[in-house]
Structures are given as C-alpha cells and as structure tokens.
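In my numbering, the protein residues as written are 2 to 261.
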C-alpha cells in the first residue's frame, strides 16, 4: 500500500456547512407563521409546529421520519468514524515493535481481541499463516477494501436520504396541486379559498420539508465521506509501514542465514 499525505477539511467548508444547517433550521419556524388580514394593524398568528407538519399530509410525515433516520445515521457516522477508534496508535506501535523482532504470532495474539479496524485488517492478513510479504500484502488489501466498503455503505445511506427527500417534496407538490385543481373542478360556483389553501399548503410544506432535510444531510454526507477517504489513506500508511518493518526483519534474517 502506498502511503499518502492527508489534507484536513478546510475550516471554511465546515463553517459553510454549519451555516447551511442553521439556515434551514430557521426555515420551518418562519414558514409556520402566517399573517391574518386586517384593516391597518395586520395582526399575526403563529401556527404550531404540529400544524405545520400536519399540513404536509402523509408525504410530509414520511419526510419527517426520514429526517430522524438521517439524523441517527449522521450521529452514528461521527461516532464510528473516529481515527482513534479505528486506527489506535497504541495498537499500531505494539504491532510494529513485535514485527521488528519477528514475533508475528504475538501480533496475531495482540490483534485477536481488538475491535478496531486496523486490528481486524492485521489479524486477517496474518491469520492464514502465510508469512510471505506478497501474501500478507494481498491479504491486507483485501481486508482493507472490505472494511472501507462497510464504512462507505453506512455513509451512503445518508446520501440516499438526502437525494430522496427533495423528490418526496416534489411528489407532495404535485399531489397538493392536484388536490387544489380537483377542488376547482368540483366546485359548482367559485371555489372557496380555504378549500384551495389545503392543497396549496401541502404542496409548499412538502417542498420546504424536503429541502430542509436534504441540505444538511448533503453536507454531512460529503463531510463524512471525506473522513472515510482520509481514514483509508491513514490505514494504507499504517499497513505499509508495518509491511516495511516485516520486510526489513525478513531480509536481516535471510542475510544472517546466508552469512552463516
């Protein structure tokens, strides 16, 4: 594995994402306010959050449920994607110290009870008993690819919800407008504004909810995906360093056997 340098996420990108979260968080309360007609004072009445969500109908409820799933996946991603948990320095240092002495069996013992990603990769690479460097390198690459795939799949669910939420909002817009036109079509005379407002409200609320859910999830998906990439690079560097130490020990052993 080739060791590569890592670049931290620019602070400006993180601040931009945080600003986006705050912005969309302010949309729903603002959208929940409505102005009642008046002669001069134009008094205002604020709808409750439940009234606002209820106006979105069934599709709005589905979007809200998806938002909770996306929030749970995002929190899970921040908890799981910790370099200190996935790539613990003490484990890497102990494995390198044992590899420098040629104690590969002790490395297996060390990593057998580890729940870290690095420990699982090292254990899978040395567990088959093939001590050739080429075999160990190939086993490390296979195990590392599997670990990265699992991490990316969890993050992919966040991106899926971020993509589906606006589409559901658009679907709510269509169904809401259909409901409003049905009212117009079935009205014998002039349609009542309050009856038309039900469908129009559903159309606008579902669109708003879809965007409110999608915007922050798109940012967090991008941020966590970048973190997975950096962890992948760090894992490759750790494994490559361990392989170099093992290679150096084998070369010294071979040189000592030849000279003897």
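For glycine and all other residues, C-beta sits at the position ideal for the given N, C-alpha and C.
Cα-Cα separation, residue i to residue j
i, j, result
"residue 211", "residue 179", "19 Å"
"residue 94", "residue 133", "22 Å"
"residue 81", "residue 139", "26 Å"
"residue 66", "residue 72", "10 Å"
"residue 215", "residue 245", "45 Å"
"residue 58", "residue 202", "10 Å"
"residue 222", "residue 241", "28 Å"
"residue 44", "residue 86", "Bear in mind that a pLDDT of 47 at residue 44, under 50, signals an unreliable position, so the model cannot answer this."
"residue 256", "residue 250", "10 Å"
"residue 111", "residue 235", "20 Å"
"residue 151", "residue 128", "21 Å"
"residue 207", "residue 105", "59 Å"
"residue 117", "residue 254", "31 Å"
"residue 1", "residue 217", "As shown, the chain starts at 2 and ends at 261. That puts residue 1 outside it, with no answer to give."
"residue 155", "residue 142", "20 Å"
"residue 170", "residue 145", "38 Å"
"residue 91", "residue 119", "11 Å"
"residue 126", "residue 109", "9 Å"
Environment of residue i [buried if 16+ CB atoms lie within 10 Å]
i, result
"residue 168", "exposed"
"residue 135", "exposed"
"residue 83", "exposed"
"residue 162", "buried"
"residue 137", "buried"
"residue 76", "exposed"
"residue 114", "exposed"
"residue 233", "buried"
"residue 147", "exposed"
"residue 164", "exposed"
Assigned secondary structure, residue i (DSSP; H/G/I helix, E/B strand, else coil)
i, result
"residue 57", "coil"
"residue 227", "helix"
"residue 86", "helix"
"residue 145", "helix"
"residue 133", "coil"
"residue 235", "helix"
Minimum Cβ-Cβ distance from residue i to chain C less than 7 Å
i, result
"residue 152", "In the structure shown, chain C cannot be found, because there is only a single protein chain."
N-terminal and C-terminal residue of the alpha helix (DSSP H) that residue i is part of
i, result
"residue 120", "118-127"
"residue 113", "105-113"
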